[in-house]
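Novice: Got a structure for you, written out below as structure tokens; questions coming shortly.
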Amino acid sequence: MSQTDSLWRRLSGYNLFWPIIALLLIMLFNLFFMPNFFKIEIKDGHLFGSLIDILNRGAPLMLLAIGMTMVIATAGVDLSVGAVIAISGAMAAVLINPALGKELITSDKLIENVTFTPLWLVIVLGLLVSILCGLWNGLLVSRANIQPMVATLVLMVAGRGVAQLITNAQIITIYYSPYFFIGNGYILGLPFTFYIVAAVFLLAWAITRKTALGLFVESVGINSRSSFLSGINEKNVKLMAYTFCGLCAGIAGLIISSNVKSADANNAGLWSELDAILAVVIGGTLMTGGRFSLAGSVLGALIIQSVTTTIYSFGVPPEVVLVVKAAVVLAVVLLYSEQVKGALNNLFERKGVQP
Amino acid sequence: MTNLLRLDRKFLPLLMTIVLFILLYGYGVVQYRGFSNPQVFFNLFIDNAFLLITSIGMTFVILSGGIDLSVGAVIAFTTVLSAYMLESLGLSPALVIPAVLLVGVALGAVMGSIIHFFKVQPFIVTLAGMFFARGMCFVISTGAITISDPFYRAVGLFRIPLFGKTFISVNVAIFLVVLAVALYLAHFTRFGRTVYAIGGNEQSALLMGLPVARTRVLVYTLNGFCSALAGVVFSIYGLSGYGLYTVGLEMDAIASVVIGGTLLTGGVGYVAGTVVGVLIQGLIQTTIIFQGTLSSWWTKIAVGLLTLLFIMMQGAFASTRQRRLHLKATTGTKPASQEEGAVLATHYEL
Chain G
215 MSQTDSLWRR LSGYNLFWPI IALLLIMLFN LFFMPNFFKI EIKDGHLFGS
265 LIDILNRGAP LMLLAIGMTM VIATAGVDLS VGAVIAISGA MAAVLINPAL
315 GKELITSDKL IENVTFTPLW LVIVLGLLVS ILCGLWNGLL VSRANIQPMV
365 ATLVLMVAGR GVAQLITNAQ IITIYYSPYF FIGNGYILGL PFTFYIVAAV
415 FLLAWAITRK TALGLFVESV GINSRSSFLS GINEKNVKLM AYTFCGLCAG
465 IAGLIISSNV KSADANNAGL WSELDAILAV VIGGTLMTGG RFSLAGSVLG
515 ALIIQSVTTT IYSFGVPPEV VLVVKAAVVL AVVLLYSEQV KGALNNLFER
565 KGVQP
Chain F
659 MTNLLRLDRK FLPLLMTIVL FILLYGYGVV QYRGFSNPQV FFNLFIDNAF
709 LLITSIGMTF VILSGGIDLS VGAVIAFTTV LSAYMLESLG LSPALVIPAV
759 LLVGVALGAV MGSIIHFFKV QPFIVTLAGM FFARGMCFVI STGAITISDP
809 FYRAVGLFRI PLFGKTFISV NVAIFLVVLA VALYLAHFTR FGRTVYAIGG
859 NEQSALLMGL PVARTRVLVY TLNGFCSALA GVVFSIYGLS GYGLYTVGLE
909 MDAIASVVIG GTLLTGGVGY VAGTVVGVLI QGLIQTTIIF QGTLSSWWTK
959 IAVGLLTLLF IMMQGAFAST RQRRLHLKAT TGTKPASQEE GAVLATHYEL
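Quick note, the sequences are listed as chains G and F, same order.
Heads up, the first sequence is in this note's numbering, so the first residue is 215 and it goes up one at a time.
Heads up, the second sequence is in this note's numbering, so the first residue is 659 and it goes up one at a time.
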């Protein structure tokens, strides 16, 4: 009895315990009810199957979750990531074909498979504009001392307007095929997006876990004032977190616009900030800041994407996904709340003398 | 003299908002022909009645130090539910309207209870509520449902005549009633004072023996009711129900509350300010329509920047107050009172 007790304690104390259990439960469910879920076949020289699909579709969300983790760890939140996705996608689309909306041109010129800006410049400028967005958020939070939720709310409201300003309030379709590689390409059988996520994750992991920066971020999240008093430049730590979050959102924006081959200022990344926050919370990082887990957030994003994919492949109307998401959010937050945690621990830890 | 000054300081954000509204309105009147028609002013209310009602509910939530992201979704859900019950089930409006209001109240009460009793952040809980309400819209119907109910149509088309040829809609009358009740609740009842107290400092409110639990759940319930009522008003205004209505409306409501001078940290603000906040947003939209060449997305940019301006201003006020208190506390001319010390402490905590 006491052995199971301590095992339970050790396991439930491990920070990735709950996310892994949740992911396993979803996979178990699929194992029984979806016979083809784990089938991976090779089509056109690359891997193909539900699991690969989850990796590919979940890439933007994983990127957002990584960026959002850093921001939430500093006791902040970034509501503008959805708008930044729209802005960077719009930027890329306009750079590829700037003629749209400015003058009347023939349709065959519009759908030419060419770019007006070199591809590397499209990517660099798309990311640059998202970094600027992140910098703007970071300056508002760290220098103007505005509450994070409100500061990023401004860009969330105005950002979609900016994106529409860039695209001239039209949905721009992209016809330049090399650009599609970002969201649809495969390398060694795995989707290219997987490598992007892996690279960003490793980068974030290295700068937070192999340098003191991660410690600074946690310290700022726990108590910004005492971090400042102990000599940490807490303003720049926050600035860095928001800028990094903007960059992640920008990469996600490029992936999404490349994947759907268009830029839609109104709907690209709509509600994705909420998904990203949800992923971080599922991953075990507290909204109050402090200790954070990048791996947990990525797991959280995978859980959300798995639930979505499972529901879709079940043939359930996609509308129900939102209701299920609501149930998942509720279950997760209740599971993390002190009241339920205490009750669970009591359940497994019998106190007093056993007869 | 000092009393007068203190009064001024307290009302300054509200005053700024009103001055801004007058300036914007004056600009419109000078710049565009037909802007001075009183009906333009009344149309602000007619077109924004639902936003006004839901923003009033949001004001209470923000005053208590919380936030509610579900209002837009609850409005959409109410329109879909009303349309479905009226058209597909053929129920009478006398049954439908109380039913949908009850649904809103129930949603608000559940969210408020989870927020208070499980100590979960309002942000997350209302986010779940938003997902739930949006999802339920589409579970009921994926497309738009037109409302052909004669009562809804009659109410929607009815004009309450005012002076001259001007008129307001029934929705505006509903809003005025809501406003009157809200003003009474906020400034003349124990409930209102408790809301302000919780927003100012929950710990102190609790120690003073105020009913924090009941009040907090009630605030979210009230907001759920306001959202559902706004949904009814919206279905009368648009005569249809659709799950994609009022996407992002929660942000408009929050922006209105902020522009109206309410502190997002809670405890400070006025219901009346929120009304002016909504009207300013409506006025920006009207000006852009009158201007003719600017696209509607300029509204979003303008509202975003305006929100920023007001938050910056609030920040400036807060820091001068803090400095004043700090000066008092450090120079030792007068020992800082308990209350000021608490204010100072909360500032540093932030």
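Note that CB positions come from ideal geometry on N, CA and C, so glycine has one too.
The structure displayed is predicted, hence computed values, not measured ones.
Look up residue 922 (chain F) in the DSSP assignment and say whether it is helix, strand or coil.
Specialist: If DSSP states are grouped into helix, strand and coil, residue 922 (chain F) belongs with coil.
Novice: List the residues of chain G that residue 823 (chain F) touches, going by C-beta distances under 7 Å, in chain order.
Specialist: The premise fails here: residue 823 (chain F) is roughly 35 Å from chain G at the closest Cβ pair, so nothing lies under 7 Å.
Novice: If I follow the unbroken beta strand (DSSP E) through residue 261 (chain G), where does it start and stop?
Specialist: Start and end: 260-262.
Novice: Using DSSP with H/G/I as helix, E/B as strand and the rest coil, what is residue 851 (chain F)?
Specialist: Here residue 851 (chain F) sits in helix by DSSP.
Novice: Quick one: using the 10 Å Cβ neighbour count with 16 as the cut-off for buried, is residue 283 (chain G) buried or exposed?
Specialist: So residue 283 (chain G) ends up on the buried side.
Novice: To be precise: take each residue of the segment 529-543 of chain G, compare its Cβ to all Cβ atoms of chain F, and keep it if any distance is under 9 Å. Which residues remain?
Specialist: Listed by position, the residues of the segment 529-543 of chain G near chain F (Cβ gap below 9 Å) are 531, 532, 533, 534, 535, 536, 537, 538, 539, 540, 541, 542 and 543.
Novice: Report all residues from its chain with a CB closer than 6 Å to the CB of residue 743 (chain F); omit the five preceding and five following residues, and keep chain order.
Specialist: 749 and 754.
Novice: Just the C-alpha distance for residue 478 (chain G) and residue 380 (chain G), rounded to the nearest angstrom, thanks.
Specialist: Approximately 11 Å, taken between the alpha carbons.
Novice: Out of G:517, G:537, G:294 and G:274, which has the shortest C-alpha to C-alpha gap to residue 350 (chain G)?
Specialist: Among G:517, G:537, G:294 and G:274, the Cα nearest to that of residue 350 (chain G) is on G:294.
Novice: Mind pulling the chain G residues with CB within less than 7 Å of residue 898 (chain F)?
Specialist: Those within 7 Å of residue 898 (chain F) in chain G number zero; the least Cβ separation is about 18 Å.
Novice: Helix, strand or coil: how does DSSP classify residue 994 (chain F) here?
Specialist: Reliability of the predicted coordinates at residue 994 (chain F) is poor, the pLDDT of 41 falling under 50, and no value is obtained from them.
Novice: Going by the CB atoms, is the gap between residue 862 (chain F) and residue 732 (chain F) shorter than 8 Å?
Specialist: No, Cβ-Cβ distance for residue 732 (chain F) and residue 862 (chain F) is not below 8 Å.
Novice: For residue 659 (chain F), I'd like the list of residues in its chain whose CB is within less than 6 Å of its CB, leaving aside the five on either flank, ordered along the chain.
Specialist: Here residue 659 (chain F) scores only 46 on pLDDT, less than 50, and its place in the model is too uncertain to base an answer on.
Novice: Within the 8 Å Cβ cut-off, does residue 376 (chain G) reach chain F?
Specialist: So, interface residue.
Novice: Does the beta-carbon distance from residue 958 (chain F) to residue 300 (chain G) come in below 8 Å?
Specialist: Cβ atoms of residue 958 (chain F) and residue 300 (chain G): not closer than 8 Å.
Novice: Taking CB distances under 8 Å as the criterion, tell me whether residue 959 (chain F) reaches chain G.
Specialist: Yes, residue 959 (chain F) lies at the interface with chain G (some Cβ there is under 8 Å from its Cβ).
Novice: Are the CB atoms of residue 346 (chain G) and residue 305 (chain G) nearer to each other than 8 Å?
Specialist: Not closer than 8 Å, so no.
Novice: If we count the other Cβ atoms within 10 Å of its Cβ and call it buried at 16 or more, is residue 552 (chain G) buried or exposed?
Specialist: When all chains shown are included, residue 552 (chain G) counts as exposed.
Novice: For residue 974 (chain F), tell me which candidate among G:326, G:539, G:360 and G:444 has the shortest Cα-Cα distance.
Specialist: Checked all of G:326, G:539, G:360 and G:444; the closest Cα to residue 974 (chain F) is G:360.
Novice: Decide yes or no for the touch test of the segment 272-279 of chain G against the segment 452-467 of chain G: beta carbon pairs closer than 8 Å, at least 3 of them.
Specialist: Yes, the segment 272-279 of chain G touches the segment 452-467 of chain G.
Novice: Is it buried or exposed, residue 259 (chain G), if we count other Cβ atoms within 10 angstroms and call 16 or more buried?
Specialist: That one is exposed.
Novice: Do you know how far the Cα of residue 537 (chain G) is from the Cα of residue 529 (chain G)?
Specialist: Answer to the nearest angstrom: the Cα atoms are 15 Å apart.
Novice: Quick one: complete beta strand (DSSP E) runs, 3+ long, within the segment 888-955 of chain F?
Specialist: Fully enclosed beta strand (DSSP E) runs of 3 or longer: not present.
Novice: Would you say residue 893 (chain F) and residue 805 (chain F) are within 8 Å of each other, going by their C-beta atoms?
Specialist: Result yes, Cβ atoms of residue 893 (chain F) and residue 805 (chain F) sit closer than 8 Å.
Novice: Using a Cβ-Cβ distance under 8 Å, would residue 308 (chain G) count as near chain F?
Specialist: Judged by the 8 Å Cβ criterion, residue 308 (chain G) is not in contact with chain F.
Novice: Check the Cβ-Cβ distances between residue 719 (chain F) and every residue of chain G, and say whether any is below 8 Å.
Specialist: With 8 Å as the cut-off, residue 719 (chain F) does not count as an interface residue toward chain G.
Novice: State the start and end residues of the unbroken alpha helix (DSSP H) segment that holds residue 533 (chain G).
Specialist: That residue, residue 533 (chain G), is in no alpha helix (DSSP H); it is neither H nor E in DSSP.
Novice: Within the continuous alpha helix (DSSP H) that includes residue 756 (chain F), where are the two ends?
Specialist: Looking at the DSSP string, the run of the alpha helix (DSSP H) that includes residue 756 (chain F) is 751-775.
Novice: For residue 846 (chain F), does the three-state DSSP call read helix, strand or coil?
Specialist: Note: residue 846 (chain F) maps to helix in three-state DSSP.
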